[in-house]
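Taking it in order: structure first as structure tokens, then the write-up.
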Amino acid sequence: MTLKTILGAATALGLALAAPAFAQDPTKVGFIYVGPVGDHGWSYTHDQGRLAVEAEFGDAVETTYIENVAEGPDAERVITQMALGGADIIFATSFGYGPEMNNVAARFPDIKFEHATGYMQEQPNISLYNARFYEGRAVIGHIAGKMTETNKVGYIASFPIPEVIMGINAAYLAAKAVNPDVEFSIIWAYSWYDPAQEAAAAEALIEQGADIIMQHTDSTAPLTVAQDAGVMGFGQASDMSGFAPDSHLTGIVDVWAPYYIDRVKAVMDGTWEPVNVWHGIDEGMVGFAPFNDKIPAELVAEAEGMIAAIADGSFHPFTGPINRQDGTPWLAEGEVADDGTLLGMDFYVEGITSEIPN
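If you use mature numbering (1 follows the signal peptide of the UniProt record, and there is no 0), the sequence shown corresponds to residues -23 to -1, 1 to 335, in order.
In structure tokens form, the structure reads like this:
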């Protein structure tokens, strides 16, 4: 029997000849990390978000990541390679990737690009996403102000960019509100992840009398130094309590998974549009590690009350009256800082004696 005869018979019987079904290619999702996924901090939490995407979509996605990508020209090479590798969407997860990501996005208009903590959105295929870390730092600042016995808090900062300066100011204002005698000492590491440098900074701050250490860097080194010295500390980006169970009071936890799942789904169903979001405690992007039992119960209740007030909008960490470091007025009584000023913050508030490096 010929193929023509078979087709004729099928037509006569009213049978539909279905075309063979082919499996749809998985959506390719790429991640660029500034540090190692084993930093147990910033890059680790982004990678937890990547794994959540895999768990959510299974074989319908294919994820890849490249870690330890330096900000600057090398980032453009790496992002380009990922684009050439067939990525449908690329998440670049550090502030300094902005110029390079915009350059690559211009050359690959069909690929979706997402930049964490960035501000450059020069192409229609770029989205920006950020977390209101300052909300969490206000909470831990409140705890620090109540728990310090020396009235000296040490702060290990990464780079003098608005996000970091904003966090220092938020923590200081909250600590000062409950402890007028508190002082902040700040050491700049000029790195997001450098365990040796971070450890040296923690040691120097403790030698200067700090009995509580804060950090806007990504390794667990400051906490292990704090543990050895018998002082308290706060983790960064993830729950670091396992590395310093006696010293780790709590810490800001970055929760990226829901955003990553939502954005990948948008690519898969064809609804992706560029956005510029800045989410915080209310949206669940900023969370907290468990509170150490060393924090008094009444102070835990205060912290939880502050978290709830920030979430429902009844409290904003930057509410006047607040002066700039030089004593000039910034926010009047009851005035709340606007997002534009916060995102471009390049000054300390009154009471911080350190200088912002150029």
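C-beta: ideal position from N, C-alpha, C; glycine also.
At what residues does the alpha helix (DSSP H) containing residue i begin and finish?
i, result
"residue 40", "From DSSP, residue 40 is part of no alpha helix (DSSP H) but of the beta strand (DSSP E) over 38 to 43."
"residue 155", "139 to 155"
"residue 249", "Element bounds for residue 249: n/a, residue is neither H nor E."
"residue 99", "Counting along the chain, residue 99 falls outside any alpha helix (DSSP H), and DSSP gives it neither H nor E."
"residue 282", "274 to 289"
"residue 53", "50 to 61"
Output the boundary residues of the beta strand (DSSP E) element that contains residue i.
i, result
"residue 4", "4 to 9"
"residue 80", "Premise fails: residue 80 lies in the alpha helix (DSSP H), 75 to 84, not in any beta strand (DSSP E)."
"residue 106", "103 to 108"
"residue 183", "Element bounds for residue 183: not the beta strand (DSSP E) but the alpha helix (DSSP H), 172 to 184."
"residue 306", "306 to 308"
"residue 21", "Where residue 21 is concerned, there is no enclosing beta strand (DSSP E), although the alpha helix (DSSP H) it sits in stretches over 19 to 34."
"residue 160", "160 to 165"
What does the Cβ neighbour count give for residue i, buried or exposed, with the cut at 16 atoms within 10 Å?
i, result
"residue 106", "buried"
"residue 24", "buried"
"residue -14", "The predicted model places residue -14 with a pLDDT of 40, which falls under 50 and marks its position as unreliable; any figure quoted below should be read in that light. Flag for residue -14 reads exposed."
"residue 332", "exposed"
"residue 289", "exposed"
"residue 250", "exposed"
"residue 81", "buried"
"residue 202", "buried"
"residue 310", "exposed"
"residue 75", "buried"
"residue 42", "buried"
"residue 167", "exposed"
"residue 84", "exposed"
"residue 30", "buried"
"residue 182", "buried"
"residue 77", "buried"
"residue 291", "exposed"
"residue 282", "exposed"
"residue 210", "buried"
Could one say the Cβ of residue i lies closer than 8 Å to chain D's Cβ atoms, at least one of them?
i, result
"residue 325", "Given the protein chain composition of this structure (a single chain), no chain D is represented."
With which residues is residue i paired in a DSSP beta bridge?
i, result
"residue 225", "210"
"residue 68", "8 and 91"
"residue 265", "229"
"residue 132", "163 and 191"
"residue 301", "326"
"residue 296", "313"
"residue 366", "The requested residue 366 does not occur in the structure, where the chain is confined to residues -23 to 335."
When you compare each of the options to residue i by their alpha carbons, which one comes out closest?
i, options, result
"residue 40", "28, 138 and 132", "28"
"residue 177", "200, 156 and 32", "200"
"residue 276", "7, 147 and 121", "121"
"residue 172", "142, 325, 135 and 159", "135"
"residue 252", "175, 97, 2 and 14", "97"
"residue 236", "255, 226, 227 and 220", "255"
"residue 63", "2, 313 and 13", "2"
"residue 154", "12, 117, 281 and 47", "117"
"residue 33", "334, 309 and 238", "238"
"residue 321", "215, 170, 142 and 169", "142"
"residue 140", "318, 330, 222 and 329", "318"
"residue 212", "226, 206, 204 and 71", "226"
"residue 16", "53, 169 and 123", "169"
"residue 72", "325, 95 and 53", "95"
"residue 257", "279, 284 and 241", "284"
"residue 338", "12, 123, 219 and 138", "In the structure displayed, the chain extends from -23 to 335; residue 338 sits before or after that span and is not available."
"residue 149", "104, 191 and 221", "191"
"residue 325", "104, 156 and 146", "146"
"residue 46", "102, 161, 151 and 8", "8"
"residue 267", "306, 222, 241 and 259", "222"
"residue 101", "49, 79 and 114", "79"
"residue 208", "240, 125 and 218", "125"
"residue 327", "220, 6 and 160", "160"
At a cut-off of 7 Å, would you count residue i as near the ligand FAD, judging by its Cβ distance to the nearest heavy atom?
i, result
"residue 226", "This structure lacks the ligand FAD, and indeed carries no ligand of any kind."
query = Does the segment 189 to 198 come close enough to the segment 6 to 25 that 3 or more CB-CB pairs lie under 8 Å?
reply = The answer is yes - the segment 189 to 198 touches the segment 6 to 25, with three or more Cβ pairs under 8 Å.
ask   = So, do the segment 294 to 305 and the segment 270 to 280 have three or more beta carbon pairs nearer to each other than 8 Å?
value = Because the criterion of three Cβ pairs below 8 Å is not met, the segment 294 to 305 and the segment 270 to 280 do not touch.
task = Inspect the CB distances between the segment 81 to 89 and the segment 63 to 70 and report whether three or more fall short of 8 Å.
result = A contact exists between the segment 81 to 89 and the segment 63 to 70.
ask   = Can you find at least 3 beta carbon pairs, one from the segment 287 to 297 and one from the segment 232 to 249, that sit closer than 8 Å?
value = Touching, no, given that fewer than three Cβ pairs across the two stretches are closer than 8 Å.
ask   = How about the segment 121 to 141 and the segment 183 to 193: do they share at least three Cβ pairs that are nearer than 8 Å?
value = Contact between the segment 121 to 141 and the segment 183 to 193 is established, with three or more Cβ pairs separated by less than 8 Å.
query = Do the segment 103 to 118 and the segment 253 to 265 meet, that is, are 3 or more Cβ pairs less than 8 Å apart?
reply = yes
request  = Evaluate contact between the segment 51 to 58 and the segment 228 to 235, counting only Cβ atoms and requiring at least three cross-stretch pairs below 8 Å.
outcome  = no
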